[in-house]
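K.L.:
There are 2 protein chains.
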Amino acid sequence: MSANNRKKGQKRYLLSEEDIPRSWYNIQAEMPVKPAPLLNPATKQPLKPDDLFPIFAEELCRQELNQTDVWIEIPEDVRDCYKFYRSTPLVRAYGLEEALGTPAKIYFKNESVSPMGSHKLNSAIPQAYYCKKEGVKNVTTETGAGQWGASLAYAARMFGLEAAVYQVKISYEQKPYRKSIMQTFGAQVTPSPSMSTRAGKDILTASPNHQGSLGTAISEAIELATTTPNCKYTLGSVLSHVSLHQTVIGLEAEKQMAMAGDYPDIVIACFGGGSNFGGLAFPFMRHNFSGERNTRFIAAEPESCPKLTRGVFTYDFGDEAGYTPLLPMYTLGHNFRPANIHAGGLRYHGAGVIVSQLLKDGWMEAVDIPQLESFEAGVLFAKAEGIIPAPESCHAIAATIREALKCKETGEEKTILFNLSGHGLIDMASYDKFLSGDLQNYTISDEEISENISNSNRK
Amino acid sequence: MSANNRKKGQKRYLLSEEDIPRSWYNIQAEMPVKPAPLLNPATKQPLKPDDLFPIFAEELCRQELNQTDVWIEIPEDVRDCYKFYRSTPLVRAYGLEEALGTPAKIYFKNESVSPMGSHKLNSAIPQAYYCKKEGVKNVTTETGAGQWGASLAYAARMFGLEAAVYQVKISYEQKPYRKSIMQTFGAQVTPSPSMSTRAGKDILTASPNHQGSLGTAISEAIELATTTPNCKYTLGSVLSHVSLHQTVIGLEAEKQMAMAGDYPDIVIACFGGGSNFGGLAFPFMRHNFSGERNTRFIAAEPESCPKLTRGVFTYDFGDEAGYTPLLPMYTLGHNFRPANIHAGGLRYHGAGVIVSQLLKDGWMEAVDIPQLESFEAGVLFAKAEGIIPAPESCHAIAATIREALKCKETGEEKTILFNLSGHGLIDMASYDKFLSGDLQNYTISDEEISENISNSNRK
Chain A
53 MSANNRKKGQ KRYLLSEEDI PRSWYNIQAE MPVKPAPLLN PATKQPLKPD DLFPIFAEEL
113 CRQELNQTDV WIEIPEDVRD CYKFYRSTPL VRAYGLEEAL GTPAKIYFKN ESVSPMGSHK
173 LNSAIPQAYY CKKEGVKNVT TETGAGQWGA SLAYAARMFG LEAAVYQVKI SYEQKPYRKS
233 IMQTFGAQVT PSPSMSTRAG KDILTASPNH QGSLGTAISE AIELATTTPN CKYTLGSVLS
293 HVSLHQTVIG LEAEKQMAMA GDYPDIVIAC FGGGSNFGGL AFPFMRHNFS GERNTRFIAA
353 EPESCPKLTR GVFTYDFGDE AGYTPLLPMY TLGHNFRPAN IHAGGLRYHG AGVIVSQLLK
413 DGWMEAVDIP QLESFEAGVL FAKAEGIIPA PESCHAIAAT IREALKCKET GEEKTILFNL
473 SGHGLIDMAS YDKFLSGDLQ NYTISDEEIS ENISNSNRK
Chain B
53 MSANNRKKGQ KRYLLSEEDI PRSWYNIQAE MPVKPAPLLN PATKQPLKPD DLFPIFAEEL
113 CRQELNQTDV WIEIPEDVRD CYKFYRSTPL VRAYGLEEAL GTPAKIYFKN ESVSPMGSHK
173 LNSAIPQAYY CKKEGVKNVT TETGAGQWGA SLAYAARMFG LEAAVYQVKI SYEQKPYRKS
233 IMQTFGAQVT PSPSMSTRAG KDILTASPNH QGSLGTAISE AIELATTTPN CKYTLGSVLS
293 HVSLHQTVIG LEAEKQMAMA GDYPDIVIAC FGGGSNFGGL AFPFMRHNFS GERNTRFIAA
353 EPESCPKLTR GVFTYDFGDE AGYTPLLPMY TLGHNFRPAN IHAGGLRYHG AGVIVSQLLK
413 DGWMEAVDIP QLESFEAGVL FAKAEGIIPA PESCHAIAAT IREALKCKET GEEKTILFNL
473 SGHGLIDMAS YDKFLSGDLQ NYTISDEEIS ENISNSNRK
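Taken in sequence, the protein lines are chains A and B.
Sequential numbering of the first sequence, starting at 53, is according to our numbering.
Sequential numbering of the second sequence, starting at 53, is according to our numbering.
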């Protein structure tokens, strides 16, 4: 930032406690075309909430399939916990604007200020809350980079639950400190695939050097939950109830943009399963549904895991072993093995059903970002704004930079809002590799994609 | 936290931008007994500001020796940068209170929310600002754990300065990610002692396996600054102008305690050179000077580096090579080699001159904390409050727990305020070692202390 920029200041907008949202926004109730039903894989019949009761807390199952209520009240205990770190700042990124020399106005919602360093806590708290309320004693989950696992470990601790986390093996090795964080909160952490479950054993038998993916870790966590008494599974993204909880981000951002006297022309977030994207985008998208606004929504996924830009829309499993319901979604096939990129939270084969329907119906767009472009964007942002972004968030920043540079060409003063889903302080080993030139891009051919999808279909 | 505690909520107090302080509090102007003068080591005469001009930005030299002005205005550009992360929250720690079963009311000031994760940015910003304003192009500094180095690297970047950081070798190795953070901001980082300076060469010649200390790194950074054109040195603690900048912490906390309808009976901070301690304590201490209040102030230092509890009050150098002025302070001797504890920011032989005078005159107390007790306190705090504290801050938490447990014995409802100077997300390798039982305590005998002090005197 130059002296000139410092004079303008880097403006932060914060809400008072009173203005922290009291309800989540349930976009399913207002979508012009509702998502197709989830299917019970055994019967191929539309899923009812009680089909999910063996896996999730009951209230979460009802939220998952609720296509009626536009607003769902945030329980007071959950809202009290949100106050530990919310509202998160909306920041006008003068430093980044200046570094790019763009006439665009760039804002970001800074979810990295949560004590666990990412937006994941927004859903970990209510998931742990509902589990506790329903008498559950143990929770299981998967985690990639570890942001979700750390958040669930902390939320479980807050509500007096025991937590067992399956962490994707490659991330377990790339980011050992996230494991230590989970262990500090008392969680049990296992690299996945492991020999502790049937699903893990099958995967390792077929591929002894399997490095894991969110799909494998989900299988193991579901299996542990369904075979352990008084235990439920919790998921960090993909499902509709997770995006529902994350709408606290966009609802706050809407009020904060109004404080800034502005409204976004473009809303951008990185994309793994869809929860930070939906969390920011859905509350703004409702004004597109009503015709009142015409905002563009862009999901930024990694080039190496391109389900939105190059996947197919079909019914597929959410996990590698096929334990989940069949989800109508854009997918690369549930046994897709993503390259070992450092954005562990984006290494997932499918997209949530809501986002998939919205993309199909043209309410949003998607772009894919090469790994090197993502880290270049992250370092530029760090230097300009002083916050080291998570490798996942770097994808949103890269997409933002692309749009801001288009504005520079055309001279348009568009307002861009992106989600800084988390900080990268635990990911410095990845930055080290990038700075020393040891990272690469991973592309994937059309043939590989088609082959994987048909293989997954055969399973 | 139990359900009961969650109902009470974990209360955070934040100030509006308007209420962020406009001046720093210069305690030197109000101390009943002013610190003895700093001495020019060559002439043994009291130091004048221009004696320091070759080392520091001129305005910082004037602030260093200013014993007249009670309030020093915060430049508008600095205040604009403070707004990137301030006010920091004052938090009522219900979770910790409940975990301890104490009737004490525990508050902490959460300086870990700064983008660099600690209070250090509060002084890095003004130091970089004054350097820039005076036409400096390059800044050098030392860093222990790396919190100060990361903050200076970022502040230098903000103001368009080049930064060179000497990081204490043991910390460079224990906490490699902090080096990566500094490098991400474009700083040059060298483990100290190094062969790049005369001071470093001398130290390594005498002790080839020297693991470094803040004292050695300061010598190297000063030498580089004084032998490089257009380059100034900056210091992260010890000196009076650093504590001055940090008073933004205590001035905010005073207003926030008033919002909570409370006032501290005890104020606690960890102690390396004194800047986070002074930053929180000095604004409250002025009400003790005036007789209006009778708060206790406790500095928590590591057992292995006990200058306040077991050092001597004498004139000594601030660095190993003897490049600094002679400072009247509690010291273990400027060539003291602290044990390789993981609280790298506390591995320093001396105390700032203000704090030394205040301790001598009975305005404050000091306690020393064994390494294992500090990490036990940190893990308890993390589980209760969801924030993993820096190993340095763990010392303040341990001292807080001691006082809170005394209250439990006596039934007194004292109000305790401590400084959470930083988070420990970059220090997870240290937590790993603690959790696996690989850490130990380090004690030091009276004989070793006396011998070191007399050796230092001979030098």
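Beta carbons: idealized from backbone N, C-alpha and C, even for Gly.
The structure displayed is predicted, hence computed values, not measured ones.
(1) Name the two residues that bound the continuous beta strand (DSSP E) containing residue 248 of chain A.
(2) If contact is defined by three or more beta carbon pairs under 8 Å, each pair taking one atom from either stretch, is the stretch 171-183 of chain B in contact with the stretch 150-158 of chain B?
(3) Along the chain, where does the alpha helix (DSSP H) containing residue 530 of chain A start, and where does it finish?
(4) Please report whether the beta-carbon of residue 241 of chain B lies at a distance below 9 Å from any beta-carbon of chain A.
(5) List, in chain order, every chain A residue whose beta-carbon is nearer than 7 Å to that of residue 431 of chain B.
(6) For residue 489 of chain B, does the count of other Cβ atoms within 10 angstroms reach 16, so buried, or fall short, so exposed?
(7) Whole angstroms is fine: what's the gap from residue 139 of chain A's alpha carbon to residue 257 of chain B's?
(8) Answer with yes or no whether the minimum CB distance from residue 165 of chain A to chain B is below 9 Å.
(9) Which residues in the same chain have their Cβ closer than 7 Å to the Cβ of residue 278 of chain A, if we skip the five residues on either side of it in sequence?
(10) Shorter than 9 Å from the beta carbon of residue 71 of chain B to some beta carbon of chain A?
(11) Using only the alpha-carbon positions, how far apart do residue 437 of chain B and residue 475 of chain B sit?
(12) Within the chosen definition, does the stretch 161-168 of chain B reach the stretch 247-265 of chain B through at least 3 CB pairs nearer than 8 Å?
(13) Along chain C, in chain order, which residues have C-beta atoms closer than 8 Å to that of residue 435 of chain B?
(14) Would you list, in sequence order, the uninterrupted beta strand (DSSP E) runs of no fewer than 3 residues that lie entirely inside the stretch 409-495 of chain B?
(15) Does the beta carbon of residue 20 of chain B sit closer than 9 Å to a beta carbon anywhere in chain A?
(16) With which residues is residue 381 of chain A paired in a DSSP beta bridge?
(17) Assuming residue 320 of chain A contacts residue 356 of chain A (C-beta within less than 8 Å), just tell me the rounded distance between them.
(18) Taking only three categories from DSSP, how would you classify residue 53 of chain B?
(19) With a threshold of 16 other CB atoms inside 10 Å of the CB of residue 62 of chain B, please say whether the residue is buried or exposed.
(20) Quick one: is residue 54 of chain A near chain B, going by C-beta distance under 9 Å?
(21) Do residue 270 of chain A and residue 4 of chain A have their beta-carbon atoms positioned less than 9 Å apart in this structure?
(22) Which residues share a DSSP beta bridge with residue 240 of chain B?
(23) Measuring only between beta-carbons, confirm whether residue 478 of chain A sits less than 9 Å from chain B.
(24) For residue 482 of chain B, collect the residues of the same chain with a Cβ closer than 6 Å to its Cβ; drop the 5 residues on either side in sequence, then sort them by chain order.
(25) Which partner residues does residue 283 of chain B have in the DSSP bridge list?
(26) Can you check which of these residues, B:496, B:215, B:491, is closest to residue 176 of chain B by C-alpha distance?
(27) Going by DSSP, which residues form a beta bridge with residue 92 of chain B?
(28) CA-CA distance, residue 39 of chain B and residue 220 of chain A?
(29) Counting only beta-carbon separations shorter than 9 Å, does residue 484 of chain B have a partner in chain A?
(30) If I measure Cβ to Cβ from residue 333 of chain A and keep anything under 6 Å in the same chain, skipping five residues before and after, which residues do I get?
(31) Among the residues of its own chain, which have a CB less than 6 Å from the CB of residue 169 of chain B, if the five just before and after it don't count?
(32) Roughly how many whole angstroms lie between the Cα atoms of residue 456 of chain B and residue 432 of chain B?
(33) At a CB-CB cut-off below 9 Å, which residues of chain A make contact with residue 62 of chain B?
(34) Measuring alpha carbon to alpha carbon, tell me which of A:388, A:253, A:464 ends up nearest residue 399 of chain A.
(35) Using a threshold of 9 Å, state whether the C-beta atoms of residue 5 of chain B and residue 435 of chain A are closer than that.
(36) For residue 363 of chain A, collect the residues of the same chain with a Cβ closer than 7 Å to its Cβ; drop the 5 residues on either side in sequence, then sort them by chain order.
P.N.:
A quick look at the data gives this:
(1) Note, residue 248 of chain A: premise wrong, no beta strand (DSSP E); not H, not E.
(2) no
(3) Not covered by the structure: residue 530 of chain A. The range shown for chain A is 53 to 511.
(4) no
(5) 236
(6) exposed
(7) 55 Å
(8) yes
(9) 106, 107
(10) no
(11) 12 Å
(12) no
(13) Of the protein chains in this structure, namely A and B, none is chain C.
(14) 417-421, 467-472
(15) In the structure as shown, chain B begins at 53 and stops at 511. Residue 20 of chain B is therefore absent and cannot be evaluated.
(16) A:366
(17) Contact flag wrong, Cβ pair sits at about 19 Å.
(18) With a pLDDT of only 39 at residue 53 of chain B, under 50, the local geometry of the prediction cannot be trusted, and the value read off the model is given with reservation. Coil, per DSSP.
(19) buried
(20) Low confidence applies here, because residue 54 of chain A scores a pLDDT of 42, under 50, leaving its location unreliable; read the following figure in that light. Yes, its Cβ sits closer than 9 Å to a Cβ of chain B.
(21) In the structure displayed, chain A extends from 53 to 511; residue 4 of chain A sits before or after that span and is not available.
(22) B:216
(23) yes
(24) 394, 443
(25) B:190
(26) B:215
(27) In DSSP, residue 92 of chain B forms no bridge with anything.
(28) With chain B running from 53 to 511 in the structure shown, residue 39 of chain B is simply not present.
(29) yes
(30) 319, 349
(31) 474, 475
(32) 14 Å
(33) 132, 133, 135, 136
(34) A:388
(35) Only positions 53 to 511 of chain B appear in this structure, which leaves residue 5 of chain B out of reach.
(36) 382, 383, 384
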